[in-house]
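Peer 1:
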Amino acid sequence: MGALLLIGTYIFPLWSITVEAPQYPEGLGIYIRINTVDGHAKNDLKNLNIVNHYIGMQEIVPESIPELKYMPAIVGFLMVSGLLVAWKGGKKLLYIWLALFSIFALIGLIDFYLWNYDFGHNLDTEHAAIQIEGMTYQPPLFGTKTMLNFVTTSLPSGGGLLAFASIFMGYLAAFFTWRDKQSQ
Amino acid sequence: MNKTMMRVVGVILVIATFLLISECAKKEKPILGSGDAASAVYVAPGDYDEFYAFTSGGFSGQLGVYGLPSGRLFREIPVFSVDPENGYGFNEETKDMLKTSFGYIPWDDSHHPELSQTDGVTDGRWIFINGNNTPRIARIDLKNFETAEIIEIPNSGGNHGSPFITQNSEYVVASTRFSVPIPQADVPIDSYKENFGGTISFIKVNPDDGHMNIEFQIIVPGYDYDLASGGKGPSHGWAFFTCYNTEQANTLLEVNASKNDKDFIAAVNWKLAEKYLAEGKGKVRPGEHYTNRMNHTTHSAVSTRNKTVVTLDPADCPGLIYYMPTPKSPHGVDVDPSGEYIVGGGKLAAVVSVHSFSKMLKAIEDEKFIGEAGGIPVLDYDATIAGEVTNVGLGPLHTEFDGKGNAYTSAFITSEVVKWKLGTWEVVDRIPTYYSLGHLMIPGGGSMKPWGKYLVGLNKMTKDRYLSTGPELAHAAQLIDISGEKMKLLLDFPTVGEPHYAQGIPADLVHPNTTKIYELEHNEHPYRAVTEKEARVERVGNEVHVYMTTIRTHFKPDNIEGIKVGDVVYFHVTNLEQDWDIPHGFAMQGARNSELLVMPGATNTLRWEPKKVGVFPFYCTDFCSALHQEMQGYVRVSPKGSKLPISFN
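Protein chains in written order, with the working numbering: chain A, 36 to 219; chain B, 25 to 673.
Shown next, in the form of structure tokens:
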């Protein structure tokens, strides 16, 4: 059941980053999906890139982010293997599957953090028109942060929440398996 | 208290509560409980107005867009006059919008905006407005607030009675204020009675795209046709037109056209006209006119020349048109929301004459004619009149309705709004205006569904109302609360140009539909450059085409060399932005036309003929970002005959 929830990660975005500013009362936002990055509204990604170029941030080009190429395969593997584990019902297999999932999730989050870090720190100081001593622009992993005129909010979105639910159900299954064994 | 008493008290309480509730529900509260006019028109920062008001520009030729109740000016839409502010009429794409059979006409006199309607209710799709001087009708799209189309009206002099609409926007109408020889001819002016004629035109509006074409013109006697109103409800299928100068004077009309005790309201049965057309009664006659349409895929106007029009002659079409005598050079004609009453404002009279549509039909059936005028049957005044409103002030011009059984007439000479009741014809209230009231407007007040909350008075004189600005003054509009029994003056605000008529509509019917950007992927302008890679400069003989892009915050290319004196340079500027409210401007030193203001996703072209050798800057005029001041470039101009090739970066 938990593994099935992962189907949702192909449909819904994993993460959502929203920025608001005096000039953007309606907000600009991007979704990080399993295989791409796109805007909340049609031109949001383009407009975010335009705004970012003033402070030397790299352009977000979904096609050039390798993680977005591997991710569908990894999640697919987790889903299929999760279903197999559920069908076979082996305790050991469940633990292995959970460990794998946890490692991938952790790596994913760390990678996302590093990507945010690089994006916020690796600034093009040669071409940036606006350079403020000591200022970096790393978006938060969770929560809200104010950078210059922009208030940035980063939160898991539908797909991300489903992935969390999936892993949580995996642990729940593991917990019940473990408890059943204890009570035998 | 015993049980019976308790019951009685209980019943009384229930009845009292019921009465109180029904009383509250019945009475629409006046806006001003406290008499505090300021709070009634206060729209807090960031909040929106309840209504849009569209005011004609009069001699500015444009259309003003205001908010009500605040009276704030949002925009002046260029329609018949060029607008160097955004390049309308100057850039290569919009020049053709102003094309006429007289050539390029950069100005007109716009009088009467009219909103499109569906089932007699304003629908917020388009607004039409007339050009009086060089007879034209424009259609403005209320998605992008741009002039989408202008059609010229041939066989007309002074397109004043226009562009009033039928209840499903089947037609907008046009009648000639100045009769002229039809077709135009070199004749003595004092042969007016023999040689001059008028026309009443019905311009069909395509319900899908709004495209206009002249379906037919009715050739009418050479009077001065003034204003018009579409029938509605029971009178749908008819349209009504006032006329004066039935004396057919051609000089000193001030005196010579004011002699007759009564002139006419012409009642035209346009459904019957359609039948006559289908029967082949229409005649094709000369009628050169242009139709100019803006295309927002190519971002360019397309101009079409038409040589003829189809005309109907009342002599061949019995029952097509009747004249209803109406006192003293009637000006406005307004059909009430029920469609039964046809209100004529006899501008030199002290009464308003109200004709009844049902009585008119009966009079036609009973053949209550008192004679003919130019071959058109004239109905007996007493047979069509429903009532006369006396004590209505001097110089009654126009009437609007609140949908609650009241009519509001403007009295020009006594400078006031006079409120009276339909059916009883009694005057119930009056309020002065400042000064010399012309048209008045209630949102939807000329349709079947008025929003009877506010009335705007549009005055012809301003005098001492505002801080003075020399001999030339802004015109004054007054916002009046009509939600209660008594009218209350709320606000006095200056307007641009000289507003004649205006239209109002609830903001909800327009505001949510606004166009924010033009999609770059749909840009099919022949000289577009939709990516910076496509930016380039090409020479074709002495023509140079610059395919230029703009994006925050640079032009591509921004250095151009190889231009020579004697070249004709076209800057085709495509704005690559896809974000709302990020237009870029383009201004070229020495350009003898205007700037460009290019909307996101659009392409506009500025023609430039360099006259001097040197290096000349161009720059963005619309403060687009923090680096706006850096958005600039140079063009190097070499002497005529120079061998320097085109180069750019």
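Quick reminder that beta carbons are idealized off the backbone N, C-alpha and C, glycines included.
Ignoring anything shorter than 4 residues, give me the alpha helix (DSSP H) runs that lie fully in the segment 103-177 of chain A, in order along the chain.
Peer 2: Runs found: 126-156.
Peer 1: Please give me, in chain order, every unbroken run of the beta strand (DSSP E) with length at least 3 that falls completely inside the segment 81-109 of chain B.
Peer 2: Whole beta strand (DSSP E) segments, 3+ residues: 87-92 and 97-101.
Peer 1: Determine the closest residue to A:S116 out of A:L39, A:H156, A:K104 and A:M170, with distance taken between C-alpha atoms.
Peer 2: Sequence index remark: in the first sequence, residue 116 of chain A carries index 81 (1-based). Of A:L39, A:H156, A:K104 and A:M170, the residue nearest in Cα terms is A:L39.
Peer 1: B:V659 lies in the beta strand (DSSP E); which residues open and close that run?
Peer 2: For the purposes of this step, residue 659 of chain B is taken as residue 635 along the second sequence, with counting starting at 1. Start and end: Q656 to S662.
Peer 1: Helix or strand or just coil, what does DSSP make of B:I213?
Peer 2: Here residue 213 of chain B refers to the residue found at position 189 when the second sequence is read from its first residue. Helix at B:I213.
Peer 1: What does B:R576 touch in chain A if you count any residue whose Cβ is under 9 Å from its own?
Peer 2: On the second sequence, position 552 is the one that residue 576 of chain B refers to. Under the 9 Å cutoff, chain A gives I85, V86, H88 and Y89.
Peer 1: Less than 7 Å between CB atoms is the rule here; does A:N78 satisfy it with respect to chain B?
Peer 2: Taking the first residue of the first sequence as position 1, residue 78 of chain A is located at position 43. So, interface residue.
Peer 1: Give me the DSSP bridge partner(s) of B:N115.
Peer 2: Position 91 of the second sequence, counting from 1, holds the residue named residue 115 of chain B. Answer is none; B:N115 lacks a bridge partner.
Peer 1: Determine the closest residue to B:K636 out of B:D646, B:G657 and B:Q613, with distance taken between C-alpha atoms.
Peer 2: Position 612 of the second sequence, counting from 1, holds the residue named residue 636 of chain B. With distances taken between Cα atoms, B:K636 lies closest to B:Q613.
Peer 1: Taking one C-beta from the segment 256-270 of chain B and one from the segment 206-218 of chain B each time, how about it: are there three or more such pairs within less than 8 Å?
Peer 2: With a cut-off of 8 Å, the segment 206-218 of chain B and the segment 256-270 of chain B do not count as touching, because too few Cβ pairs lie within range.
Peer 1: In angstroms with no decimal places, state the Cα-to-Cα distance between B:E52 and B:S324.
Peer 2: Here residue 52 of chain B refers to the residue found at position 28 when the second sequence is read from its first residue. Here residue 324 of chain B refers to the residue found at position 300 when the second sequence is read from its first residue. Confidence at B:E52 is low in this model, with a pLDDT of 45, below 50, so the placement of that residue is unreliable and no value is reported for it.
Peer 1: Output the residue ranges of the alpha helix (DSSP H) runs that lie fully inside the segment 252-339 of chain B and measure 4 residues or longer, sorted by chain position.
Peer 2: Listed in chain order, the complete alpha helix (DSSP H) runs (minimum 4 residues) inside the segment 252-339 of chain B are 277-280 and 294-302.
Peer 1: Any Cβ of chain A within less than 7 Å of the Cβ of B:L600?
Peer 2: By one-based count along the second sequence, residue 600 of chain B stands at place 576. No - not a single Cβ of chain A is within 7 Å of the one on B:L600.
Peer 1: Go through the segment 372-419 of chain B residue by residue and report every complete run of the beta strand (DSSP E) that reaches 3 residues or more, in order.
Peer 2: Counting only runs of 3 or more, we get 376-380, 393-397, 400-403 and 409-413.
Peer 1: Quick one: Cα of B:M465 to Cα of B:P536, how far?
Peer 2: Counted from its first residue, the second sequence places residue 465 of chain B at position 441. Counted from its first residue, the second sequence places residue 536 of chain B at position 512. Cα to Cα, B:M465 sits roughly 23 Å from B:P536.
Peer 1: Using a Cβ-Cβ distance under 7 Å, would B:D603 count as near chain A?
Peer 2: On the second sequence, position 579 is the one that residue 603 of chain B refers to. Closer than 7 Å to some Cβ of chain A, the Cβ of B:D603 qualifies, so yes.
Peer 1: Verify the CB distance criterion: does B:L651 have a CB-CB separation below 7 Å to chain A?
Peer 2: Your numbering for residue 651 of chain B matches position 627 in the second sequence. So yes, B:L651 belongs to the interface.
Peer 1: Can you tell me where the beta strand (DSSP E) holding B:N566 begins and where it ends?
Peer 2: Taking the first residue of the second sequence as position 1, residue 566 of chain B is located at position 542. Run containing B:N566: none; DSSP gives neither H nor E here.
Peer 1: How about B:T448 and B:G417: are their beta carbons less than 7 Å apart?
Peer 2: Here residue 448 of chain B refers to the residue found at position 424 when the second sequence is read from its first residue. Here residue 417 of chain B refers to the residue found at position 393 when the second sequence is read from its first residue. The answer is no: Cβ separation not under 7 Å.
Peer 1: Using a C-beta to C-beta distance shorter than 7 Å, which residues of chain B count as neighbours of A:K81?
Peer 2: Taking the first residue of the first sequence as position 1, residue 81 of chain A is located at position 46. Chain B residues near A:K81: Q602.
Peer 1: For A:A164, would you say it is in contact with chain B, using Cβ-to-Cβ distances shorter than 7 Å as the test?
Peer 2: Sequence index remark: in the first sequence, residue 164 of chain A carries index 129 (1-based). True, the Cβ-Cβ gap to chain B drops below 7 Å.
Peer 1: Pull up the CB-CB distance for A:H156 and A:T171, whole angstroms please, since I reckon it's below 8 Å.
Peer 2: Stepping through the first sequence from its first residue, residue 156 of chain A is reached at position 121. Stepping through the first sequence from its first residue, residue 171 of chain A is reached at position 136. Confirmed, about 5 Å.
Peer 1: Can you tell me which of the three DSSP states B:H596 falls into?
Peer 2: Within the second sequence, numbered from 1, the residue matching residue 596 of chain B stands at position 572. Strand at B:H596.
Peer 1: Going by C-alpha to C-alpha distance, which of B:F220, B:T142, B:Y300 and B:D214 sits closest to B:G468?
Peer 2: As a position in the second sequence, residue 468 of chain B is number 444, starting the count at 1. Of the candidates B:F220, B:T142, B:Y300 and B:D214, the one whose C-alpha sits nearest the C-alpha of B:G468 is B:T142.
Peer 1: Does A:R214 come out as helix, strand or coil in the three-state DSSP assignment?
Peer 2: Start at 1 with the first residue of the first sequence, and residue 214 of chain A comes out as number 179. Note: A:R214 maps to helix in three-state DSSP.
Peer 1: Using only CA atoms, which one of B:Q502, B:L503, B:A501 and B:T486 lies nearest to B:P495?
Peer 2: Within the second sequence, the letter at position 471 stands for residue 495 of chain B. Selected option, being the one with the closest Cα: B:T486.
Peer 1: I'd like to know whether the C-beta atoms of B:V676 and B:M236 end up nearer to each other than 7 Å.
Peer 2: Chain B is shown only over 25 to 673; residue 676 of chain B falls outside these bounds and no answer can be derived.
Peer 1: Is DSSP giving B:P536 helix, strand or coil here?
Peer 2: Taking the second sequence and counting its residues from 1, the one referred to as residue 536 of chain B is at position 512. If DSSP states are grouped into helix, strand and coil, B:P536 belongs with the helices.
Peer 1: Out of B:N157, B:A626, B:E633 and B:M655, state which residue places its alpha-carbon closest to the alpha-carbon of B:N319.
Peer 2: As a first step, residue 319 of chain B must be located in the second sequence, where it is residue number 295. Looking at the Cα atoms, B:A626 is the closest of the given residues.
Peer 1: Is it true that the CB of A:Y148 sits closer than 7 Å to the CB of A:L221?
Peer 2: The structure shown does not extend to residue 221 of chain A, since chain A spans only 36 to 219, so no value can be given for it.
Peer 1: Short of 7 Å in beta carbon distance, which residues of its chain neighbour B:A387, apart from the five on each side in sequence? Order them along the chain.
Peer 2: On the second sequence, position 363 is the one that residue 387 of chain B refers to. L403, D404, A407 and T408.
Peer 1: Can you confirm whether the segment 146-165 of chain B touches the segment 365-381 of chain B when touching is taken to mean that 3 or more C-beta pairs between the two stretches lie within less than 8 Å?
Peer 2: Segments in contact, no.
Peer 1: What's the gap between the Cα of B:T474 and the Cα of B:L446?
Peer 2: Position 450 of the second sequence, counted from the first residue, corresponds to residue 474 of chain B. Position 422 of the second sequence, counted from the first residue, corresponds to residue 446 of chain B. What sits at residue 474 of chain B in the sequence shown is Pro, not Thr. Distance between the alpha carbons of B:P474 and B:L446: 15 Å.
Peer 1: Can you give me the Cβ contacts of B:F42 inside the same chain, cut-off strictly under 7 Å, excluding the 5 residues immediately before and after it?
Peer 2: Start at 1 with the first residue of the second sequence, and residue 42 of chain B comes out as number 18. Summary for B:F42: the model assigns pLDDT 48, below 50, so the residue's position carries little reliability; its value from the coordinates is reported in the next sentence. If we look at B:F42 and ignore the five residues flanking it on each side, it has no Cβ neighbours.
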